[in-house]
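J.: Residue numbers (the working numbering): 2 to 188. The beta-carbon is built from N, C-alpha and C at its ideal position, and this holds for glycine as well. All values derive from a computational prediction rather than experimental measurement. Would you mind keeping the following structure in view while I ask a few things?
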């Protein structure tokens with residue numbers, strides 16, 4: 002017959018497969034082999050979600066947050082003070098605060114740069130483990146899980162994916178939107 006493969010997203014895969022049994026942590030190789038023999042499993046892929054690994058949605062959120070800071074930075078620089086004076090006279094909501102940001106451009110840009118830097122560092126810190134975690138089932142099925150080759154592949158792919166997301170979604174798109182629609186972004 003065919004091979005059986007079980008993917009679980011729990012810290013206790015045994016509780017997923019056989020809930021009536023006592024949950025077992027699969028921290029060592031013997032526990033995994035025992036579970037596989039007991040349950041007739043050929044391949045077991047356990048992807049535990051822990052505090053140390055971010056989810057892909059958290060990475061996307063951080064990229065969007067970076068985009069917010071980038072859009073704010075470019076809209077502050079691009080917005081004309083005279084236009085804000087007109088908007089304030091017209092009673093447009095948010096115009097006074099926007100005027101404050103433009104009049105204090107040195108502080109405003111420092112805040113946006115700090116936000117961009119911190120978010121970028123966190124994206125880099127969390128991105129590689131998150132993408133590597135998502136690639137683990139592929140490495141298990143190809144038989145290279147835990148090898149230097151798997152680590153190298155996951156590092157290169159993670160770096161490329163996170164960098165592309167960061168540059169395109171977190172930098173280029175927000176910058177272009179802020180430049181084209183400066184008034185909407187600023188207010």
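Would the region 125-138 count as touching the region 70-88 if we require 3 or more Cβ pairs under 8 Å?
T.: no
J.: Counting pairs of Cβ atoms below 8 Å between the region 64-81 and the region 161-174, do you hit three or more?
T.: yes
J.: Report the rounded CA-to-CA distance for residue 22 versus residue 61, giving the unit in angstroms.
T.: Low confidence applies here, because residue 22 scores a pLDDT of 47, under 50, leaving its location unreliable; read the following figure in that light. Rounded to the nearest angstrom, the two C-alpha atoms are 37 Å apart.
J.: Please state whether DSSP places residue 148 in a helix, a strand or coil.
T.: coil
J.: Give the straight-line distance between the Cα atoms of residue 187 and residue 58, rounded to the nearest whole angstrom.
T.: 26 Å
J.: For residue 155, is the classification buried or exposed, using 16 other Cβ atoms within 10 angstroms of its Cβ as the cut-off for buried?
T.: buried
J.: Rounded to a whole number of angstroms, what is the C-alpha to C-alpha distance between residue 180 and residue 147?
T.: 46 Å
J.: Can you name the start and end residues of the alpha helix (DSSP H) that residue 103 belongs to?
T.: 96-104
J.: Take the Cβ of residue 53 as the centre, count every other Cβ of all protein chains shown within 10 Å, and call the residue buried at 16 or more, exposed below.
T.: Any reading at residue 53 is ruled out, since the residue's pLDDT is 46, under 50, leaving its predicted position unreliable.
J.: Would a C-beta distance cut-off of 9 Å place residue 152 and residue 124 closer than the cut-off?
T.: no
J.: Kindly indicate which three-state DSSP category residue 171 falls into: helix, strand or coil?
T.: Note: residue 171 maps to helix in three-state DSSP.
J.: Distance check for residue 163 and residue 75, CA to CA, integer angstroms please.
T.: 23 Å
J.: What is the residue span of the alpha helix (DSSP H) that residue 187 lies within?
T.: 183-187
J.: Kindly indicate which residue of 80, 142 and 140 has the alpha-carbon position closest to the one of residue 104.
T.: 80
J.: Under the rule that 16 or more other beta-carbon atoms within 10 Å means buried, what is residue 111, buried or exposed?
T.: exposed
J.: Would residue 2 be called buried (16 or more neighbouring beta carbons within 10 Å of its own) or exposed?
T.: Residue placement at residue 2 cannot be trusted, given a pLDDT of 46 that sits under 50; the coordinates are not used to answer.
J.: Buried or exposed: which applies to residue 108, given that a residue is buried once 16 or more other Cβ atoms fall within 10 Å of its Cβ?
T.: Classification of residue 108: exposed, given that the 10 Å Cβ count is below 16.
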